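Each remark here refers to the structure printed beneath this line.
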Amino acid sequence: MSDSSATHFPEHADNRGPSHLAEQFEAPEQQRDASTLGMWIFLGTELMFFGGMFLAYANYRYFFPQAFHAASSHLSATMGALETMILITSSFTMVLGVWASQMGKQKMLFWCLTLTALLGGAFLVSHGFEWYHDYEEHHVPGTNFRFDPQQANPRSAEMFFILYFLMTGLHSLHVLIGMGILAVMIGFTRRGRFSPEYNNPIEVSGLYWHFVDIVWIFLFPLFYLIHRA
Amino acid sequence: MAELAQAHPNVISRTTYTVIFIVLLILTLVTYLVAFVDLGRWNTPIALVIATCKMSLVALFFMHVIHSARVTLLVIAASALWLSLLLGGTLADAMTRGNVEIINFPK
Chain A
80 MSDSSATHFP EHADNRGPSH LAEQFEAPEQ QRDASTLGMW IFLGTELMFF
130 GGMFLAYANY RYFFPQAFHA ASSHLSATMG ALETMILITS SFTMVLGVWA
180 SQMGKQKMLF WCLTLTALLG GAFLVSHGFE WYHDYEEHHV PGTNFRFDPQ
230 QANPRSAEMF FILYFLMTGL HSLHVLIGMG ILAVMIGFTR RGRFSPEYNN
280 PIEVSGLYWH FVDIVWIFLF PLFYLIHRA
Chain B
-4 MAELAQAHPN VISRTTYTVI FIVLLILTLV TYLVAFVDLG RWNTPIALVI
46 ATCKMSLVAL FFMHVIHSAR VTLLVIAASA LWLSLLLGGT LADAMTRGNV
96 EIINFPK
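Just so you know, the protein sequences line up as chains A and B, in that order. Going by my numbering, the first residue of the first sequence is number 80, and it counts up by one from there. Going by my numbering, the first residue of the second sequence is number -4, and it counts up by one from there.
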């Protein structure tokens, strides 16, 4: 489709660079750095997203310490700890996947990505059981919310559970989206798209997944471990 | 494999990743166990300090921040600054308001 009389831009010819080099970039390193920076900036916006909710938590916990203490004791600290370990393990399998992509080990990359996604799924299943248990105990905020007034002011305790479901719910949504991203990466891996020269999509998928893990690392003690002694 | 590692000088070894992973699991266990020990008003700060350590390990090694470009560090520093201003500024107000009437929930 060349029309040399109309444009001075060079054509996207094959000798411009490797096939994975997009048109707007001069060199693969530039493409890789731009992609990584883009993901980090996105994670900055995610920090703002969750940061606002952590702010709400901080304020309400400060004003209703007894209610938050009482409400937290109804969550299973053990399940929370297990979920933390599941996500940390998934971050480990993810980073091994990034290593595998850098080394050109296709089968290892496939299994690392698959394991990471499965662990994410296990995390979501565990949460599902927790939320169902909360539903049975009438701790889901709304018309059926009930809390023992002897332990704490039910309205304040409901605030704890509003924040709990909001933050763990949105976090779980991020885990689910992460699993979707991993599914796409697994599909690309099976088609042999990644190599030691081109593996940055795996790296930035890892950045997203580790960030979601970091959010949970803070959610766990703040919701599950309030004054357990 | 050695030449591939040389082509990517910033590759972190699997051994390092494994060590960090085990440390993260241990720190999680410590957080869990310490929560059942009554340390008064120090329980929450200790839990948050351990969580910050875990976050730092994940960021530095799993997210490769230790090998990252300066502009990445700038984004991280700016985000951290923003969060500290958000939490610090708001809590500095909320926690110094003085006596507030307790709202009694209607019977």
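Beta carbons: idealized from backbone N, C-alpha and C, even for Gly. The model shown is predicted, which means the values in this text are computed figures rather than measured ones.
I'd like the list of long-range same chain contacts for residue i, defined as Cβ closer than 7 Å, with 5 residues on each side in sequence excluded.
i, result
"V18/B", "L52"
"L203/A", "S251, V254 and L255"
"A236/A", "A146, A149, A150 and F226"
"A30/B", "N38 and A42"
"N279/A", "R111, S114 and T115"
Consult DSSP for residue i and reduce its assignment to one of helix, strand or coil.
i, result
"F226/A", "coil"
"V6/B", "coil"
"V219/A", "coil"
"R307/A", "coil"
"D33/B", "coil"
"S98/A", "coil"
"R65/B", "helix"
"F100/B", "coil"
"F273/A", "coil"
"R111/A", "helix"
"Q103/A", "coil"
"T85/B", "helix"
"N138/A", "helix"
"T91/B", "coil"
"N278/A", "coil"
Going along the chain, which residues of its own chain have a beta-carbon closer than 8 Å to the beta-carbon of residue i, five neighbours each way excluded?
i, result
"T11/B", "F56"
"P220/A", "E237, F240, I241 and F244"
"D82/A", "Note on D82/A: pLDDT 45, under 50, position unreliable in the model; the coordinate value appears next. So no residue of the chain qualifies."
"T168/A", "L198"
"I265/A", "F189, L192, T193 and A196"
Closer than 6 Å by C-beta to residue i: which residues in its own chain qualify, once you throw out the five before and the five after it? Chain order, please.
i, result
"M173/A", "T195, G285 and W288"
"P233/A", "F226"
"M132/A", "M246"
How far does the alpha helix (DSSP H) with residue i in it reach, from first residue to last?
i, result
"P233/A", "P233 to R269"
"S170/A", "A156 to M182"
"M50/B", "N38 to L52"
"H59/B", "Careful: H59/B lies outside any alpha helix (DSSP H) and carries neither H nor E."
"S151/A", "P144 to S151"
Hey, residue i and residue j: beta-carbon distance below 8 Å or not?
i, j, result
"T124/A", "L188/A", "no"
"L86/B", "G130/A", "no"
"W178/A", "V6/B", "yes"
"V70/B", "I293/A", "no"
"I45/B", "L22/B", "yes"
"A156/A", "Y303/A", "yes"
"I281/A", "G176/A", "yes"
"L134/A", "L82/B", "yes"
"F273/A", "S205/A", "no"
"I296/A", "K49/B", "yes"
"L20/B", "M246/A", "no"
"V291/A", "G257/A", "yes"
"M158/A", "E209/A", "yes"
"G183/A", "P97/A", "no"
"L301/A", "Y139/A", "no"
"V32/B", "A231/A", "no"
"H153/A", "H217/A", "no"
Can you check whether the C-beta of residue i is within less than 8 Å of a C-beta belonging to chain E?
i, result
"V53/B", "As a matter of chain content, chain E is missing from the structure shown, whose protein chains are A and B."
When every heavy atom of the ligand MG is checked, does at least one fall within less than 7 Å of the C-beta of residue i?
i, result
"G221/A", "The ligand MG is not part of the structure shown, which contains no ligands of any sort."
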